[in-house]
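The sequence shown: position 201 = 201 (full-length UniProt numbering), numbered continuously.
The beta carbon of each residue, even a glycine, is placed where N, CA and C say it ideally should be.
Source: prediction; values computed, not measured.
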Amino acid sequence: MGNTISTGKLVGAFNGTNGEAVYVMFEQTCESNVYPRRPKWNAQMIGCIQSVMRRIFLSASSCEAGSLVGASNRPITPEGYIASWLKELANPVAMEDTSYELALGSSWTSSIPEGDFERITAELQAIGATRILDGLTGTDAKATASLHADHAALSAIYDGLHVGAWRIIPEYAVPVHGTRNPALGYTPAKAKVFKVDVPRFMRVSADMDKNLIQGEDGQWRCVDGGYAYMYVSSHICNLSDAELREPGSYRTRIKAYREAVHSASVIPDGTQIIVENLADMTEGAKTDIDRIVAATPHTTTEIGIQMNVPTDSTLLRWAAGLPSAHTTWRLADTAPAVQPVEQLCLLAG
């Protein structure tokens, strides 16, 4: 299975109609399993700093699992990936105004993909972009948009989550040799003090990378298979708001969360697994439960099954993979305190 190789980053910027900077993200990438490897510049998205940060942290989460790597296929950390984008954001390239033709179509390269038109319509209606919407819903299904004057509409369409800006900005138009304008850059003062909330984790076995997380309701669950990298990746995806609120805190937050997962203690003997509402589960999950209880001490309750933690590694893996919406793990009384940890962190410098 291949991964994506990131070889370059670039941020373009201009002043929006509201006086705030609007950014265009470009990344040079190729796929490790496609030969010859030819890194290509792609316009990822158009948007405000909040949207850009969401996109950066979403992409950075892929570094934790190794599906996004650096040049020469070298591993990169989410922290390093985020830092390289913040460096570009601090000194962006000035983007000249450009006119784009938007056309509704079914091709994978269509500037307005039919499959996402319902969302696009709702977004354009919400911001009052009637001229563009009227053109797209008219006889010709086309409209013209200015990068500067219509940036709100273009940001709504090419948000980098649903539709990429490469559909309207070709590789040859990427401003790799453009003039830098630090006045448009994002350079917030770093936060000095901030609180880091880290949940508790427990490992299901010393020999298996499967971990439980304690939710806000106090219950322990094995989410997304329980893999450490999945927990960290999910955490990174949700960090952009905290970083905007407390600039520079992302390194401490990611490190604290990662250490909490990797230093988790093994669940105590006597832990029980509770599975509820079996009727609502998929047939595959029901089959796994049948296999587990056939070889594991258990009791049937009014709403499901309560069973011991399997000692067989295969059965334990199946148990850890049961849907977390239906499954909780009840730790024995010998478990350590389970309240979430709150830390007050100081940034050096």
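Between Leu68 and Cys237, the gap from beta carbon to beta carbon reaches 8 angstroms or more.
Ranked by Cα distance from Ala94, the first of Asn181, Phe26, Asp207 is Asn181. Judged by their CB atoms, Ile274 and Leu322 are not nearer to each other than the 8 angstroms cut-off.
For Gly225, same chain residues with a beta-carbon under 8 angstroms away, outside a window of 5 residues either side, are Lys210, Ala320, Gly321 in chain order. Between Asp269 and Ala332, the CB-CB gap stays under 8 angstroms. Ranked by how close their Cα comes to the Cα of Ser265, the residues Val204, Ser249, Tyr227, Glu216 have Val204 in first place. Three or more pairs of CB atoms, one per stretch, sit closer than 8 angstroms, so the stretch 6-13 contacts the stretch 22-33. Look at Asn73 here: in three-state DSSP terms it is helix. Taken through DSSP and simplified to helix, strand or coil, Ser59 comes out as helix. The beta carbon of Arg258 sits closer than 7 angstroms to those of Val232, all from its chain and outside the five residues before and after it, given in chain order. By the Cβ test, the stretch 110-120 is in contact with the stretch 158-165, since at least three Cβ pairs between them sit closer than 8 angstroms.
Taking C-alpha positions only, Asp217 is separated from Ala153 by approximately 40 angstroms. Nearest to Glu88 by alpha-carbon distance, out of Gly8, Leu278, Phe201, Ser263, is Gly8. Excluding residues up to 5 positions away in sequence, Ala152, Ala153, Ala156 lie with their Cβ nearer than 7 angstroms to the Cβ of Ile127 in the same chain. Around the beta carbon of Ala129, 16 or more other beta carbons sit within 10 angstroms, so the residue counts as buried. With a cutoff of 8 angstroms on beta-carbon distance, Leu102 and Ala143 are scored as near each other.
In the DSSP assignment, His298 falls within the beta strand (DSSP E) that extends over 298-300. Comparing alpha carbon positions, the residue from Thr296, Ser84, Pro310 closest to Ile267 is Pro310.
Taking 8 angstroms as the cut-off, the beta carbon of Glu276 is found closer than this to the beta carbon of His326. Boundaries of the beta strand (DSSP E) around Ile5: 4-15. When DSSP reads this structure, Pro113 sits in a beta bridge with Gly105. Restricting attention to Ile254, Leu212, Thr252, Asn73, the CA atom closest to the CA of Gln272 is found in Leu212. With 16 or more other CB atoms across the displayed protein chains lying within 10 angstroms of its CB, Ala145 is buried. Put simply, the backbone Cα of Glu246 is about 27 angstroms away from that of Gly66. Between the alpha carbons of Gly248 and Ala141 lies a distance of about 44 angstroms.
Membership of Thr130 in the alpha helix (DSSP H) is indicated by the continuous run 130-137. By the neighbour-count definition (other C-beta atoms within 10 Å, threshold 16), Pro92 is a buried residue. Our two residues, Ala90 and Tyr186, have alpha carbons roughly 5 angstroms apart in a direct line.
Apart from sequence neighbours up to five positions away, no residue of its chain approaches Arg291 with a beta-carbon distance below 6 angstroms. With fewer than 16 other beta carbons inside 10 angstroms of its own, Arg74 counts as exposed. Comparing alpha carbon positions, the residue from Leu136, Asn3, Gln44, Cys48 closest to Asn18 is Cys48. Secondary structure of Gly215 (DSSP, three-state): coil. Of the candidates Tyr35, Thr109, Leu136, Leu136 places its Cα closest to the Cα of Ile120. Burial is judged here by how many other beta carbons sit within 10 angstroms of a residue's own beta carbon; Trp85 has at least 16 and is buried. Around the beta carbon of Ile112, 16 or more other beta carbons sit within 10 angstroms, so the residue counts as buried. Listed as beta-bridge partners of Ala320 by DSSP are no residues whatsoever.
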